[in-house]
Amino acid sequence: MAGAARVGFCSNPVRLTGSSATMNPQTGEVIREFVAETQPDGISYTRCGNRRARRCESCSHEYKGDTWHMIMAGAAGGMKGVPDGVGEHPMAFVTLTAPSFGAVHSLAGSRRRGTCVHGKPRGCFCNHRDDDGLLGEPLCEECYDYVGHVVWQYFAPELWRRFTIQLRRQLAYELGMTQKAAAEIVRVQLAKVAEFQRRGAVHFHAIIRLDGVSPTEQFPPAPDEVTEACLIAAVQKSSRRVAYEAPAVRGEASARVLRWGAQIDVQPIVRREGLDGTLSDRAVAAYIAKYATKATEDLSSGSRDRPHVKAIKATAELIAEENGPESPYALLGKRSHMLGFRGHFSSKSRRYSVTLGSLRGARRAWRLARTVERAKEKGYDVDEVLVVGSWSFAGMGWRNEGDRALAIEAARAAREWRDARRVRFESQRGKSDA
Numbered sequence: 014m015a016g017a018a019r020v021g022f023c024s025n026p027v028r029l030t031g032s033s034a035t036m037n038p039q040t041g042e043v044i045r046e047f048v049a050e051t052q053p054d055g056i057s058y059t060r061c062g063n064r065r066a067r068r069c070e071s072c073s074h075e076y077k078g079d080t081w082h083m084i085m086a087g088a089a090g091g092m093k094g095v096p097d098g099v100g101e102h103p104m105a106f107v108t109l110t111a112p113s114f115g116a117v118h119s120l121a122g123s124r125r126r127g128t129c130v131h132g133k134p135r136g137c138f139c140n141h142r143d144d145d146g147l148l149g150e151p152l153c154e155e156c157y158d159y160v161g162h163v164v165w166q167y168f169a170p171e172l173w174r175r176f177t178i179q180l181r182r183q184l185a186y187e188l189g190m191t192q193k194a195a196a197e198i199v200r201v202q203l204a205k206v207a208e209f210q211r212r213g214a215v216h217f218h219a220i221i222r223l224d225g226v227s228p229t230e231q232f233p234p235a236p237d238e239v240t241e242a243c244l245i246a247a248v249q250k251s252s253r254r255v256a257y258e259a260p261a262v263r264g265e266a267s268a269r270v271l272r273w274g275a276q277i278d279v280q281p282i283v284r285r286e287g288l289d290g291t292l293s294d295r296a297v298a299a300y301i302a303k304y305a306t307k308a309t310e311d312l313s314s315g316s317r318d319r320p321h322v323k324a325i326k327a328t329a330e331l332i333a334e335e336n337g338p339e340s341p342y343a344l345l346g347k348r349s350h351m352l353g354f355r356g357h358f359s360s361k362s363r364r365y366s367v368t369l370g371s372l373r374g375a376r377r378a379w380r381l382a383r384t385v386e387r388a389k390e391k392g393y394d395v396d397e398v399l400v401v402g403s404w405s406f407a408g409m410g411w412r413n414e415g416d417r418a419l420a421i422e423a424a425r426a427a428r429e430w431r432d433a434r435r436v437r438f439e440s441q442r443g444k445s446d447a
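Counting along the sequence shown from 1, when you hit position 341 you're at 354 in my numbering, and nothing is skipped either side.
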């Protein structure tokens, strides 16, 4: 149990052999030494660090927590070195979706009548439950544009990049000034995640914030003329106007013009709890953190791919094979397991807030401080020691299923305890604020 606790009850830890020493770099004195061979299994374990919940609940939970802190710091401020005033900057929560590639089963159903050219219904009158395996499946597989789906998904990161460029141009237009003049008074900061819909198409959730420009401040407020209304108008117009002409695939005479889908949502973000129906900073942070740990595995039922997911993967591999190694689609086959998507699931602009790396670094520094604390009698501070290690990879996972099952159950219990503690803290803080 102690070994599992040291790696946060990771369900698939990395096995290592070797040793590490915490020492004084000035004198060479060893404060503490750790040798893997002295452990019960003769090896040491470290966390796998996988962000996907289906691979490791414990590491995914930690990643989700880090993402929440990163997003929350940039949305509300007052934490992780981000000033409290950031929460007063013009800010919006944006959702950009993929266009339609064909009718699919949905929660609300469809009232369209008649049949398609293949004799299948154009609509589905069923109100499917959330766990229904039919959700996201096409009403007619032959009508569904699988090639268009894969091509759009492959170039979705480029469409997002062009959207961010157009957004800055449109913002300058809304302010009634040139792009150069606008860049001297306002900076656009973004944090976004990509989420797979049930139909296997990605859409993007993003927080977009407007900061001022200052040579001395890292998070300066935007000028008074840069308003929330300007931001919302710029986002709405940019998302409608941006387009990308994707190279034609083999067998098609012309290129495809890619755009965002019709379901574009832009909402202003308010501070704290949006009790009047508005969207709060905490709700947005929790929402984005939740989807930062999702992946293509979450589209499948159990360990088997749905027929629709299989068809998307097969189409991606077919396009890559038919278009040859010199085509723009040469690497598409390597992204078939991601349904053709080749972008980052989570990203942010440099000045949005803290980085995930800095949060992990702070956690490592905390652990080192605990090591030094145990050696306080030697008179060392955390800034005066150095950890030197020599490690070799020995494999993945626990040695037996019993250890793995114990780690999973212990991780579940630890998460429930932390979540319950957080709920109590939030409840007490709400009462004190009232």
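Cβ atoms here follow ideal geometry from the backbone N, Cα and C, with glycine treated the same way.
Per DSSP, residue 138 lies in no alpha helix (DSSP H) and is assigned neither H nor E.
Take the alpha-carbon of residue 155 and the one of residue 258: they are about 25 Å apart. Pairing residue 149 with residue 212 gives a Cβ-Cβ distance under 9 Å. For residue 320, the enclosing alpha helix (DSSP H) has its first and last residue at 320 to 336.
Straight across, the Cα-Cα distance linking residue 184 with residue 198 is about 12 Å. Cβ atoms of residue 404 and residue 29 come within 8 Å of each other, at about 5 Å. DSSP places residue 370 in the uninterrupted alpha helix (DSSP H) bounded by 369 to 386. In the three-state scheme derived from DSSP, where H, G and I count as helix and E and B as strand, residue 92 is classed as strand. Beta-bridge pairing by DSSP links residue 46 to 34.
Within the model, the alpha-carbon separation for residue 339 versus residue 327 is close to 20 Å. By alpha-carbon distance to residue 145, the top candidate from 152, 125, 137 and 120 is 120.
Secondary structure at residue 109: strand, using DSSP grouped into helix, strand and coil. The region 42 to 52 makes no contact with the region 60 to 78, as fewer than three CB pairs between them are under 8 Å. For residue 257, the pairing in a beta bridge is given by DSSP as 271. Membership of residue 408 in the beta strand (DSSP E) is indicated by the continuous run 399 to 409. DSSP, read as helix, strand or coil, puts residue 351 in helix.
Of the candidates 24, 19, 18 and 20, the residue whose Cα lies closest to the Cα of residue 417 is 24. If you look at residue 150, you'll find it isn't in any beta strand (DSSP E); DSSP assigns it neither H nor E. Contact between the region 185 to 197 and the region 277 to 284 is absent: fewer than 3 CB-CB pairs across the two stretches fall below 8 Å. Per DSSP, residue 209 is one residue of the beta strand (DSSP E) stretching across 200 to 209. Annotated as proximal: residue 360 and residue 205, with beta-carbon spacing under 9 Å. In this structure residue 178 is exposed. Its beta-carbon is surrounded by fewer than 16 other beta-carbon atoms within 10 angstroms.
For residue 217, the beta-bridge partners assigned by DSSP are 109 and 207. Sequence-distant partners of residue 173 (beyond 5 residues in either direction) whose C-beta falls short of 8 Å from its own C-beta, in its chain, are 109, 205, 217 and 356.
Counting only residues of its own chain and dropping the five nearest sequence neighbours on each side, residue 90 has a CB closer than 7 Å to the CB of 96, 97, 98, 99 and 100. The beta carbon of residue 171 lies closer than 6 Å to those of 257 in the same chain, with the five residues before and after it left out. Judged by their CB atoms, residue 202 and residue 365 are nearer to each other than the 9 Å cut-off. Bounds of the beta strand (DSSP E) holding residue 361 are 359 to 361. DSSP places residue 300 within a helical segment (H, G or I) once states are collapsed to three. According to the DSSP assignment, residue 160 belongs to the alpha helix (DSSP H) that extends over 159 to 188. Going by C-alpha positions, residue 167 is about 43 Å away from residue 381.
Ranked by Cα distance from residue 330, the first of 350, 319 and 321 is 350. In the DSSP assignment, the residues bridged to residue 104 are 222.
Between the alpha carbons of residue 112 and residue 210 lies a gap of roughly 12 Å. Assignment of residue 97 by DSSP, reduced to helix, strand and coil, places it in the helix class.
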